[in-house]
Structures are given as C-alpha cells and as structure tokens.
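As structure tokens, this is what we get:
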C-alpha cells in the first residue's frame, strides 16, 4: 500500500495507472521575485503577472528555528485600549492568547488591534 498526495489535476488517475515520483521534496519559490506576488498553495502564481523567475526555493517542511535563534519582538503594538497597552504589552508579530467569557469583546479586541 502506498500513500500519495496529488498536487494538481489527477482526474485521469485511476487504480492501475502508472505514475512517477519527482524524487524531490515539495518546495516553493522564495526571494525578491516573490515579493508582491499572489501564489496558490503550491507556490504557483495566480495573479496573472506571468511565471516567477527565481533560482531560490525553500522546502515547505522545515524544522522551526530554536527559540534562541529567533529575533526578539522589538516593535510594540498599540491596541488603543489603555488597560491592555499598560498591563499586557504586545509586540508586533507576537502571538497572544485572548481568553474570556462569551460576549466580552475578545474578537473585537483582536480585530481592532
């Protein structure tokens, strides 16, 4: 038994159909050529601006950098709610858990920030 994921059109693939593997891991284009472009989940351009011309690619599955190797959060995010800004300072790009009872404005705080 072999497990396969088909990326693209697989309408004509049926039991017994001969298929070949790529012998490479899934990767997507990266670099300056990708900045400002709209890509689908496979890293293919869908913005009508043509192909992405780059020789730089990154594997989609990589080990996350260790906590000490990451840049620290250095740019504060002002929510505009003084109680939050004073008691729980949040950095731009930082994850923050917002918990509370129903109908207390958790979503509003998250969206408006």
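Residue numbers (the numbering used here): 84 to 196. We treat Cβ as the ideally placed atom computed from N, Cα and C, and that holds for glycine.
| message | Considering just the uninterrupted stretch of the alpha helix (DSSP H) at residue 170, what are its terminal residues? | response | 165 to 170
| query | Short check: CB of residue 140 to CB of residue 113, under 8 Å? | reply | In terms of Cβ geometry, residue 140 and residue 113 form a close pair [threshold 8 Å].
| Endpoints, the beta strand (DSSP E) within which residue 118 is located | Careful: residue 118 lies outside any beta strand (DSSP E) and carries neither H nor E.
| message | Tell me the DSSP secondary structure of residue 173 in three-state form. | response | strand
| query | Can you tell me the Cα-Cα spacing of residue 146 and residue 124, whole angstroms? | reply | 19 Å
| query | Roughly how many angstroms lie between the CA atoms of residue 157 and residue 176, to the nearest whole one? | reply | 10 Å
| said: Do residue 166 and residue 181 have their beta-carbon atoms positioned less than 8 Å apart in this structure? | reply: no
| query | Whose CA, out of 96, 88, 122, lies closest to the CA of residue 108? | reply | 88
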